[in-house]
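In my numbering, the protein residues as written are 18 to 359. Quick reminder that beta carbons are idealized off the backbone N, C-alpha and C, glycines included. These figures come from a predicted structure and were not determined experimentally. Working notes, beginning with the structure itself.
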Ligand SMILES: Cc1ncc(COP(=O)(O)O)c(C=O)c1O
């Protein structure tokens, strides 16, 4: 596969994160999260999110983080409101239902975001024994379409959920992209918006692998659920070490800023060529409709995915290692395809 904009999963491991693996690779250490590095990483995450009671559970991948979060917050007779385009709904092969025993209720979304009016409409038949009871909402921040819920939108949804006794879960596979775009502190999540659980991504941000589930308050049963869903890492220290480096070395901020700058550069170049992105470019993704012949041609040198086979909307993702030159050469190819008009 050539370099390109396929996914932030396609890039290699960030060297500082690789180095963090080496740093914990010298001694024997207790397993299953009882080692000193895991404790250090948990304390670091608690301080970054400024929530001292935060329960932090490391897992291998993002699907597991979502499943563990929802399984812990829901009984088997309950359901969760999600957006129709959410990863939970369309890209987890029904793991939430199969493994988590949680029913998802997909709702229409606008630019990837759930709308309060739809959430309100979906909150029906409470107390009706025939109907799976809505227990909470899961929002993805940034969304799968690269857009970001504004502070007002977040506030509105969280306030309403709390008033209704619903939990709020955030799928933050790329959380820092959103926080950096909004200039929000991670501390706002639990303090200001009072979210109940967060799936905190690592893999898409330069890690080898590893994600975390953060619960605002301790759920003792989550430990057992993690084991039951086969996601208790025996050598947890290797995930912990990456999170430590990610936060101690300010990589979370640096990577998010870099990706957004490049996404904006690409957006600008496309607009100058008369090609307008489908959604506001607010994180590391640019969605754009391309001619079918162009897709075939450009993908020979810059790999990317066609997001929607019907509309030919393509997704161009920036990674931590994306470069200005990647953007310039992509744009030059567009120039040649546009017939050398420029
Ligand atoms: C928003 C979002 N959540 C969760 C995941 C799940 O991650 P994984 O593929 O590690 O299970 C992804 C992966 O693409 C994602 O984009």
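beta-carbon residue i near ligand 2 non-hydrogen atom, thresh 7 Å
i, result
"residue 169", "This structure lacks ligand 2; the ligands present are ligand 1."
Residue span of the alpha helix (DSSP H) that contains residue i, given as start and end
i, result
"residue 306", "Taken as a continuous stretch (DSSP letters only), residue 306 belongs to no alpha helix (DSSP H), being part of the beta strand (DSSP E) at 302–306."
"residue 33", "32–40"
"residue 190", "Careful: residue 190 lies outside any alpha helix (DSSP H) and carries neither H nor E."
"residue 235", "Unbroken run through residue 235: none, as it is neither H nor E."
"residue 206", "204–208"
"residue 95", "Run containing residue 95: none in the alpha helix (DSSP H); it sits in the beta strand (DSSP E), 95–100."
"residue 260", "254–265"
"residue 288", "268–289"
"residue 137", "133–139"
Local conformation of residue i per DSSP, three classes
i, result
"residue 15", "Because the chain spans 18 through 359 in this model, residue 15 falls outside it and cannot be assessed."
"residue 107", "helix"
"residue 57", "helix"
"residue 348", "helix"
"residue 150", "strand"
"residue 168", "helix"
"residue 122", "strand"
"residue 48", "coil"
"residue 317", "coil"
"residue 162", "coil"
"residue 155", "strand"
"residue 295", "coil"
"residue 212", "coil"
"residue 201", "coil"
"residue 65", "helix"
"residue 354", "helix"
"residue 243", "helix"
"residue 332", "strand"
Assigned exposure category for residue i - 16 Cβ within 10 Å defines buried
i, result
"residue 362", "Past the boundaries of the shown model lies residue 362; the chain is included only from 18 to 359, so the question cannot be answered."
"residue 308", "exposed"
"residue 107", "exposed"
"residue 293", "exposed"
"residue 143", "exposed"
"residue 345", "exposed"
"residue 341", "exposed"
"residue 262", "buried"
"residue 247", "exposed"
"residue 18", "exposed"
"residue 328", "exposed"
"residue 133", "exposed"
"residue 180", "exposed"
"residue 115", "exposed"
"residue 145", "exposed"
Extent of the continuous beta strand (DSSP E) to which residue i belongs
i, result
"residue 73", "72–76"
"residue 337", "No beta strand (DSSP E) holds residue 337; DSSP gives it neither H nor E."
"residue 84", "It is not in any beta strand (DSSP E) - residue 84 instead sits in the alpha helix (DSSP H) that spans 79–90."
"residue 325", "322–325"
Contact with chain C by residue i, beta-carbon distance below 8 Å
i, result
"residue 349", "No chain C appears in this structure, which consists of one protein chain only."
Quick check: the segment 75–88 against the segment 195–211, are at least 3 beta-carbon pairs closer than 8 Å? no
Are there three or more Cβ pairs, one per stretch, closer than 8 Å when the segment 119–126 is compared with the segment 251–270? No, the segment 119–126 is not in contact with the segment 251–270.
Is the number of C-beta pairs between the segment 220–230 and the segment 78–85 that are closer than 8 Å three or more? yes
Taking three-plus beta-carbon pairs below 8 Å as touching, is the segment 295–309 in contact with the segment 155–172? yes
Are the segment 30–37 and the segment 183–192 touching, with three or more C-beta to C-beta distances below 8 Å? no
So does the segment 230–245 actually touch the segment 89–100, counting three or more Cβ pairs closer than 8 Å? yes
Meets three-Cβ-pair contact criterion under 8 Å: the segment 98–113 and the segment 53–62: no
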